[in-house]
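Colleague: The structure is given below, and queries will be raised subsequently.
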Amino acid sequence: MPHLLMCPPRFFAVEYEINPWMDVAINADHALAAQQWQTLYDLIVATGAKVELLEPVAGLPDLVFTANAALICRNTALLSRFRHPQRQRETPFDRQWFVANGFECLDPPAGFSFEGAGDALFCGDTLFAGYRQRSDAAGHQKIGALLDVRVLPVELVSSSFYHLDTCFCPLSASESIWYPPAFDSYGQRAIELAVETLIEVDLGEAKHFACNAVVLDKTVITNRGCDKLHGQLQQRGYRPIATPLGEFLKAGGSAKCLTLRLDCEDAASW
Ligand code: ARG
Numbered sequence: 008m009p010h011l012l013m014c015p016p017r018f019f020a021v022e023y024e025i026n027p028w029m030d031v032a033i034n035a036d037h038a039l040a041a042q043q044w045q046t047l048y049d050l051i052v053a054t055g056a057k058v059e060l061l062e063p064v065a066g067l068p069d070l071v072f073t074a075n076a077a078l079i080c081r082n083t084a085l086l087s088r089f090r091h092p093q094r095q096r097e098t099p100f101d102r103q104w105f106v107a108n109g110f111e112c113l114d115p116p117a118g119f120s121f122e123g124a125g126d127a128l129f130c131g132d133t134l135f136a137g138y139r140q141r142s143d144a145a146g147h148q149k150i151g152a153l154l155d156v157r158v159l160p161v162e163l164v165s166s167s168f169y170h171l172d173t174c175f176c177p178l179s180a181s182e183s184i185w186y187p188p189a190f191d192s193y194g195q196r197a198i199e200l201a202v203e204t205l206i207e208v209d210l211g212e213a214k215h216f217a218c219n220a221v222v223l224d225k226t227v228i229t230n231r232g233c234d235k236l237h238g239q240l241q242q243r244g245y246r247p248i249a250t251p252l253g254e255f256l257k258a259g260g261s262a263k264c265l266t267l268r269l270d271c272e273d274a275a276s277w
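Its first residue numbered 8, the sequence shown is counted upward by one per residue in the working numbering.
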């Protein structure tokens, strides 16, 4: 049974600007955000998955994006070290939860930023790791050694696609959704060589966070506005579900960012 961590959006808001999607003049509609989050939660639970809840904290509006709490590998939670001070205060609350729930907590290598499952995603036995915007390349190599996994660092070249999970979404050990222009040509080649089947999304759907999907076996949940991707997924035997997450896009996040898989992801082979 898939096992995930989410955090209710009680204190969610756009209170600062740390990515191009955020504009403090365009705050999220709180009631609508709560409704969108609840619908996502209900869809996930309806697949049979188990969802744990992290207690929201006043003054930490981005704590809802639990994908950034840590990278999970077996029983280890490799905690984040956020690039921006605005999010650095989240880590003690993340650590508290993982310790209380029996995970072995590790910190990223000293001196390097690392934003958890937002920037590090397993596809098969390889950990694809995005760097430049939020996480550091040299840190990723050390993380590979720390977790004893093969790491493929890929540079994220567009500020709009600042986390790997905004432009790359493993579906299975050999399949991934992606938005190629978010990577440089070297990264594109590396991904093409490493992943057997790649499902490409266009800019319009990438901007609707098509790559930011929650994958639960054959169910793939995304924001609305990703119809072309959903058609491709259906052809490949997946069951795509669209749910409105517009209020969270105002903070630069969507379905996947609002979740953290605590057990082994479908695409990971560890
Ligand atoms: N406002 C948050 C930030 O910029 C959004 C995080 C989205 N999370 C993700 N995994 N892409 O850090």
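C-beta atoms are modelled at their ideal positions from N, C-alpha and C, and glycine is treated no differently.
All values derive from a computational prediction rather than experimental measurement.
Need the endpoints of the alpha helix (DSSP H) that Pro92 sits in, please.
Modeller: Position 85 of the sequence shown, counted from the first residue, corresponds to residue 92. It spans Pro92 to Gln95 - the alpha helix (DSSP H) in which Pro92 sits, taken as one unbroken run.
Colleague: Please say whether Glu59 and Leu12 have beta carbons closer to each other than 7 Å?
Modeller: Taking the sequence shown and counting its residues from 1, the one referred to as residue 12 is at position 5. Taking the sequence shown and counting its residues from 1, the one referred to as residue 59 is at position 52. Yes, the pair counts as a contact, with Cβ atoms nearer than the cut-off.
Colleague: Along the alpha helix (DSSP H) that carries Ser192, what are the first and last residues, could you check?
Modeller: As a first step, residue 192 is located in the sequence shown; it is residue number 185 there, counting from the start. Its alpha helix (DSSP H) spans residues Ser192 to Ala201.
Colleague: Mark Ile184 as exposed unless 16 or more other C-beta atoms lie within 10 angstroms of its C-beta, in which case mark it buried.
Modeller: Counted from its first residue, the sequence shown places residue 184 at position 177. Ile184 is buried by the Cβ-count criterion.
Colleague: Apart from the five residues on each side of it in sequence, which residues of its chain come closer than 8 Å, Cβ to Cβ, to Ala197?
Modeller: The residue given as residue 197 occupies position 190 in the sequence shown. Counting only Cβ-Cβ distances below 8 Å, and skipping sequence neighbours, we find Leu159 and Val161.
Colleague: State the DSSP-derived secondary structure class of Thr229, mapped to helix, strand or coil.
Modeller: Within the sequence shown, numbered from 1, the residue matching residue 229 stands at position 222. Looking at Thr229 - three-state DSSP - the assignment turns out to be strand.
Colleague: In three-state DSSP terms, what is His10?
Modeller: Translated into positions along the sequence shown, residue 10 becomes position 3. Looking at His10 - three-state DSSP - the assignment turns out to be strand.
Colleague: Quick test of the definition: if touching needs 3 or more C-beta pairs under 8 Å, does the segment 92-103 touch the segment 124-131?
Modeller: Contact between the segment 92-103 and the segment 124-131 is absent, because fewer than three Cβ pairs lie under 8 Å.
Colleague: Can you list, in chain order, the residues of its chain with a C-beta nearer than 8 Å to that of Thr46? Leave out the 5 residues immediately preceding and following it.
Modeller: Residue mapping note: residue 46 aligns to position 39 of the sequence shown, counting from 1. Excluding residues within five positions, the ones whose Cβ falls inside 8 Å are Thr250 and Pro251.
Colleague: Run the proximity test for Asn108: is its beta-carbon closer than 6 Å to any non-hydrogen atom belonging to the ligand ARG?
Modeller: Residue numbering aside, residue 108 sits at position 101 when the sequence shown is read from its first letter. No.
Colleague: Taking the alpha-carbon of Asp49 as reference, which of Ala262, Leu67 and Asn82 has the nearest alpha-carbon?
Modeller: Within the sequence shown, residue 49 is the residue found at index 42, counting from 1. When each option's Cα is compared against that of Asp49, the closest is Ala262.
Colleague: Please work out which residues of its chain come closer than 6 Å, Cβ to Cβ, to Glu182, disregarding the five sequence neighbours upstream and downstream, and give them in chain order.
Modeller: In the sequence shown, residue 182 corresponds to position 175, counting from 1. Excluding residues within five positions, the ones whose Cβ falls inside 6 Å are Thr204.
Colleague: Determine, using beta-carbon pairs with one atom in the segment 167-176 and one in the segment 204-219, whether at least three such pairs fall under 8 Å.
Modeller: These segments touch.
Colleague: Determine, using beta-carbon pairs with one atom in the segment 253-268 and one in the segment 226-239, whether at least three such pairs fall under 8 Å.
Modeller: These segments touch.
Colleague: If you follow the beta strand (DSSP E) that Thr133 is part of, which residue opens it and which one closes it?
Modeller: Here residue 133 corresponds to residue number 126 of the sequence shown, with the count starting at 1. Note, Thr133: beta strand (DSSP E), Thr133 to Tyr138.
Colleague: Measure the beta-carbon distance from Ser142 to Phe110 and round it to whole angstroms, keeping in mind my assumption that it falls under 8 Å.
Modeller: Counting from one through the sequence shown, the residue named residue 142 turns up at place 135. Counting from one through the sequence shown, the residue named residue 110 turns up at place 103. Going by Cβ atoms, the distance from Ser142 to Phe110 rounds to 20 Å, so no, they are not a contact pair.
Colleague: How far does the alpha helix (DSSP H) with Val106 in it reach, from first residue to last?
Modeller: Taking the first residue of the sequence shown as 1, we reach residue 106 at position 99. From DSSP, the alpha helix (DSSP H) with Val106 extends over Thr98 to Ala107.
Colleague: Any idea which residues DSSP pairs Thr204 with across the strands?
Modeller: What you label residue 204 is simply residue 197 of the sequence shown in a count that begins at 1. According to DSSP, which records beta bridges pairwise, Thr204 is partnered with Glu182.
Colleague: Enumerate, from N- to C-terminal direction, the unbroken alpha helix (DSSP H) stretches of 4 or more residues contained entirely within the segment 16-59.
Modeller: Whole alpha helix (DSSP H) segments, 4+ residues: 37-53.
Colleague: Quick check: Gln140 and Tyr169, are their CB atoms within less than 7 Å of each other?
Modeller: As a position in the sequence shown, residue 140 is number 133, starting the count at 1. As a position in the sequence shown, residue 169 is number 162, starting the count at 1. The answer is yes: Cβ separation under 7 Å.
Colleague: Between Gly260 and the ligand ARG, is the CB less than 6 Å from at least one heavy atom?
Modeller: Here residue 260 corresponds to residue number 253 of the sequence shown, with the count starting at 1. Yes, since a heavy atom of the ligand ARG falls inside the 6 Å radius drawn around the Cβ of Gly260.
Colleague: For a test of the three-state rule: what should DSSP assign to Leu128, helix, strand or coil?
Modeller: Translated into positions along the sequence shown, residue 128 becomes position 121. Note: Leu128 maps to strand in three-state DSSP.
Colleague: What is the residue span of the beta strand (DSSP E) that Leu85 lies within?
Modeller: What you label residue 85 is simply residue 78 of the sequence shown in a count that begins at 1. Counting along the chain, the beta strand (DSSP E) containing Leu85 begins and ends at Thr83 to Leu86.
Colleague: Taking 6 Å as the cut-off, is the C-beta of Ile25 nearer than that to any heavy atom in the ligand ARG?
Modeller: As a first step, residue 25 must be located in the sequence shown, where it is residue number 18. It does: the Cβ of Ile25 is within 6 Å (strictly closer) of some heavy atom of the ligand ARG.
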